[in-house]
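Asks: In the working numbering, the protein residues as written are 143 to 231.
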């Protein structure tokens with residue numbers, strides 16, 4: 143009887159260890175998903191800012207060209223756009 147009790151207790155310990163291992167694995171996966179989501183959001187924000195800045199530079203360059211306020215070279219210098227980009231506008 144004592145041997146049976148020992149086997150029952152041992153099985154429970156093994157099951158508890160399996161449960162803990164599964165739970166740790168699930169928590170690790172959840173953590174990885176959260177980290178990936180945060181990284182994705184940060185990357186998206188950075189891309190959005192870069193696109194917004196580029197669009198702003200183009201808009202300013204277009205206004206300067208329409209106003210004929212500066213030469214293409216000066217617009218390129220002040221906006222950071224290449225001379226060919228300014229000329230294409």
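Every residue, glycine too, gets a C-beta built ideally from N, C-alpha and C.
Throw me the rounded Cβ distance for the residue 221 and residue 203 pair, which I believe falls under 8 Å.
Replies: 5 Å
Asks: What residue does the alpha helix (DSSP H) around residue 224 start on, and which one ends it?
Replies: Looking at the DSSP string, residue 224 is not in any alpha helix (DSSP H), and its letter there is neither H nor E.
Asks: Write down the C-beta distance between residue 200 and residue 225 rounded to the nearest angstrom, noting that I regard them as a contact closer than 8 Å.
Replies: With a Cβ gap of about 14 Å, residue 200 and residue 225 do not count as contacting.
Asks: I need the DSSP call for residue 163, collapsed to helix, strand or coil.
Replies: helix
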